[in-house]
Every structure is written in C-alpha cells, then in structure tokens.
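Take any residue in the sequence shown, note its place counting from 1, add 70, and you have its number in the UniProt record's numbering.
First the structure, in the form of structure tokens, and then the observations on it.
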Amino acid sequence: SVIRAGSYSEELVKTAKTIASPGRGILAIDESNATCGKRLASIGLENTEANRQAYRQLLLTTPGLGQYISGSILFEETLFQSTTDGKKMVDCLREQNIVPGIKVDKGLVPLPGSNNESWCQGLDGLASRSAEYYNQGARFAKWRTVVSIPCGPSALAVKEAAWGLARYAAISQDNGLVPIVEPEILLDGDHSIDTTLEVAERVWAEVFYYLAENNVMFEGILLKPSMVTPGADHKEKADPETIAKYTLTMLKRRVPPAVPGIMFLSGGQSEMEATLNLHAMNQSPNPWHVSFSYARALQNSVLKAWKGQPENVEAAQKALLARAKANSLAQLGKYSA
Ligand code: 13P
Numbered sequence: 071s072v073i074r075a076g077s078y079s080e081e082l083v084k085t086a087k088t089i090a091s092p093g094r095g096i097l098a099i100d101e102s103n104a105t106c107g108k109r110l111a112s113i114g115l116e117n118t119e120a121n122r123q124a125y126r127q128l129l130l131t132t133p134g135l136g137q138y139i140s141g142s143i144l145f146e147e148t149l150f151q152s153t154t155d156g157k158k159m160v161d162c163l164r165e166q167n168i169v170p171g172i173k174v175d176k177g178l179v180p181l182p183g184s185n186n187e188s189w190c191q192g193l194d195g196l197a198s199r200s201a202e203y204y205n206q207g208a209r210f211a212k213w214r215t216v217v218s219i220p221c222g223p224s225a226l227a228v229k230e231a232a233w234g235l236a237r238y239a240a241i242s243q244d245n246g247l248v249p250i251v252e253p254e255i256l257l258d259g260d261h262s263i264d265t266t267l268e269v270a271e272r273v274w275a276e277v278f279y280y281l282a283e284n285n286v287m288f289e290g291i292l293l294k295p296s297m298v299t300p301g302a303d304h305k306e307k308a309d310p311e312t313i314a315k316y317t318l319t320m321l322k323r324r325v326p327p328a329v330p331g332i333m334f335l336s337g338g339q340s341e342m343e344a345t346l347n348l349h350a351m352n353q354s355p356n357p358w359h360v361s362f363s364y365a366r367a368l369q370n371s372v373l374k375a376w377k378g379q380p381e382n383v384e385a386a387q388k389a390l391l392a393r394a395k396a397n398s399l400a401q402l403g404k405y406s407a
C-alpha cells in the first residue's frame with residue numbers, strides 16, 4: 071500500500087472515512103465542565119455531575135441520531151460515564167454507528183512574548199492518555215487552539231498553534247486516534263472577510279508545513295476550520311454564497327485532497343446561518359467531504375426545548391434531530407428552508 075506503515079494506519083483511514091461519510095457530520099458535546107456549566111446556567115440549572123449526565127444522556131440517546139451523525143466528541147467525564155440506567159455513554163453511540171471521540175487538549179493559557187495571545191496546553195502525558203481513551207472506546211480526538219485576528223495574529227502565536235497541532239496529531243495517530251486539527255480563527259473583531267482569508271491562508275500553510283514535518287498521515291486526519299467570514303463586528307455581513315466562495319478558495323489553496331474530511335465549527339453562528347453556509351459550500355463537488363462538527367449550532371434549540379425538565383426530553387431530542395437532519399441535508403447540498 072502507498073499508505074505509510076504503522077500499527078494503526080489502516081484503522082485510522084477507515085475511522086476517518088466513516089466519520090466523513092455522505093449525509094453525516096459530528097455532534098460536538100465536548101464542553102469542559104466550566105463551559106457546560108454556562109450552557110446549563112442558560113436554562114437555570116446548577117452545574118452538577120448529575121445535570122451534566124442528564125444533558126449528555128438526552129443528547130446521546132436520541133433515537134435515529136446515527137442517520138445524520140457519524141461521530142460525537144466527548145469531554146473526558148462523558149467518555150467514562152454511564153447513563154442513569156447504567157449503560158456506558160460510549161455504547162449508546164456505538165449502537166447507532168456513531169464513532170466516539172475525545173477532546174484531549176487542556177485548554178488555553180496566555181502566551182508570554184505575544185500580543186496578548188494564547189497557546190494550547192496538553193502535550194505532556196498525551197500519549198498515555200490517548201492510549202487510555204482508545205481502550206475506553208474513543209477512535210478520534212480533538213485539539214482546539216485559537217488564533218485571534220484583533221490581537222495580530224503574531225508570527226509567534228501562529229507558529230505555536232501550528233506546531234502544537236502537529237505534535238498532537240502525530241501522537242494521536244500513534245495511539246490509534248484520528249486527530250481533528252482545529253486552529254479556530256476567532257470571529258471577534260471588525261475586520262473584513264479579505265483579512266480573514268489572508269490570516270486563514272497563513273495559519274493553514276503553517277499547520278500543513280508542521281503536519282508534514284511531523285510525518286502525520288494526511289489520509290488519517292480530519293480538519294475543523296472556521297468558515298471564512300467578516301469579523302463579528304464588521305460593518306457588513308456576508309451572505310452564504312460569499313462565505314462559501316471565500317472558504318472554499320482558502321481550503322483549495324491550502325488543503326491537499328488526501329485529507330478525507332473538513333468538519334466546520336459553528337463558532338457563534340446561529341443554527342440557521344451554520345446550516346445555510348454549509349449548504350452553500352456543497353453546491354458543487356469538493357475534493358473532500360465538507361461537513362459539520364457543530365456544538366452551539368446543534369445544541370441551542372435543544373437546551374431551550376429541554377429547560378432541564380424530564381417531561382421535555384422527547385421534545386428536546388426532536389429539536390436535536392431536526393438540526394442534525396437540516397445539517398445532513400446541507401452536507402448533501404440539498405437543504406431547503
Ligand atoms: P462551536 O460549533 O460551538 O463553535 O464548537 C466548536 C468546538 O470546537 C466544539 O468541539
């Protein structure tokens with residue numbers, strides 16, 4: 071085979087292809103306990119392990135979810151958790167042919183020497199943690215670092231983000247996990263879409279440079295890019311066709327066709343914007359599977375429907391299925407409002 075030998079190579083390629091399969095995308099529910107607490111607070115719930123369990127259980131036991139969702143990214147607590155009736159959360163996913171994934175980064179801290187930017191921690195002990203996650207059933211991983219346009223980005227911050235992602239990707243593959251490579255370019259700022267394009271091209275060039283230097287197998291990774299949009303405070307909004315044109319231009323210039331899937335983050339877009347933008351990107355054939363890995367754009371209406379009340383679980387699961395189906399159709403380029 072032309073695929074570089076390595077104990078997990080074939081499995082990595084298979085896992086990545088399963089996740090990047092037609093009409094399916096990723097349900098991201100890997101909020102840290104602190105971030106999950108913010109979601110729960112929005113519906114007046116306390117941030118307890120029981121409430122986090124109830125919420126994640128609701129999401130992962132949604133009947134029919136596997137038709138639209140191919141993978142779900144979990145936080146460590148959920149990977150090792152069971153439902154209230156004693157079933158492993160991981161088994162709820164596997165029954166629906168949804169691949170379990172795990173957030174492995176340890177979050178952002180200030181980057182000294184930069185322009186008030188940050189870097190992502192988590193490489194220490196990553197190999198042994200990854201092996202443990204694999205044993206627990208995880209088959210892919212996520213590492214999210216961020217790049218800020220209003221703060222620069224400085225050459226230092228971009229290099230650090232790219233190098234960290236590449237080291238993480240190599241370690242993940244070595245332990246059987248398909249790495250999702252996520253340098254999130256934050257929406258914050260009043261910059262134009264052209265500025266975002268220029269920064270995104272710079273960031274992805276460095277990410278691929280270091281991925282190659284670290285001998286990462288491109289057939290066994292997935293990307294989680296931000297869409298190329300104007301800054302959130304820019305005077306003009308862009309329509310889905312413009313966002314699709316800029317985003318695909320950027321990806322075609324920077325991402326080799328060996329990469330099986332592009333799984334966008336929603337980054338603060340509304341549920342509808344995230345769906346329409348994805349639909350616009352799938353109006354003509356792409357070299358890679360172009361799909362979603364949304365957290366907020368899949369969960370917002372679920373939280374509103376649930377409100378923490380057991381009698382609303384069914385309605386909340388219906389809300390999740392509606393968003394998942396809309397994004398599935400958008401992945402196929404067949405969504406209509
Ligand atoms: P959003 O879709 O809410 O931006 O989440 C992105 C993410 O990285 C979650 O895994």
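Beta carbons are placed, not taken as given, at the ideal position from N, Cα and C, and that holds for glycine.
- Residue pairing by DSSP leaves Ser371 without any beta bridge partner.
- If you check the C-beta of Arg214 against the ligand 13P, you find a heavy atom less than 7 Å away.
- Following the DSSP letters along the chain, one finds Gly107 inside the alpha helix (DSSP H) bounded by residues 103–111.
- Judged by DSSP in its simplified three-state form, Thr215 adopts strand.
- With respect to Pro220, Asp264 sits apart: the two C-beta atoms are not nearer than 8 Å.
- The nearest non-hydrogen atom of the ligand 13P is less than 7 Å from the C-beta of Arg366.
- Burial is judged here by how many other beta carbons sit within 10 angstroms of a residue's own beta carbon; Val372 has at least 16 and is buried.
- By the 16-neighbour rule on beta-carbons within 10 angstroms, Arg122 is buried.
- Secondary-structure assignment with DSSP links Glu252 through a beta bridge to Arg214.
- By the beta-carbon neighbour count (other beta carbons within 10 angstroms, threshold 16), Glu381 is exposed.
- A distance criterion of 7 Å places the beta-carbon of Asp100 in contact range of the ligand 13P, judged by its closest non-hydrogen atom.
- Distances taken from the Cβ of Leu335 to the heavy atoms of the ligand 13P include one shorter than 7 Å.
- Shortest gap from the CB of Ser361 to any heavy atom of the ligand 13P: 7 Å or more.
- If you check the CB distance, Leu335 and Leu97 do not come in under 8 Å.
- The distance from the Cβ of Asp194 to that of Asp260 is about 37 Å, inconsistent with a contact at the 8 Å cut-off.
- In this structure, DSSP gives Val325 a state outside helix and strand, which the three-state scheme calls coil.
- Nearest Cα to Ile143 within the set Lys157, Ser102, Arg109: Ser102.
- For Tyr138, the CB contacts under 8 Å within the same chain, skipping 5 residues up- and downstream, are Gly93, Arg94, Gly95, Leu391, Ala394, Lys395, Asn397, Ser398 in chain order.
- Straight through space, the alpha carbons of Tyr280 and Tyr405 are spaced by roughly 37 Å.
- As computed with DSSP, Ser363 is found in a beta bridge with Ile96.
- Boundaries of the beta strand (DSSP E) around Lys173: 169–173.
- Pairing Lys84 with Pro330 gives a Cβ-Cβ distance that is not under 8 Å.
- Annotated three-state conformation of Gly114 is coil, per DSSP.
- In the DSSP assignment, Ser398 falls outside any beta strand (DSSP E) and within the unbroken alpha helix (DSSP H) covering 383–401.
- Selection Glu311, Glu80, Met287 evaluated against Pro327 yields Met287 as nearest (Cα-Cα).
- The region 304–314 makes contact with the region 345–360, as at least three CB pairs between them are under 8 Å.
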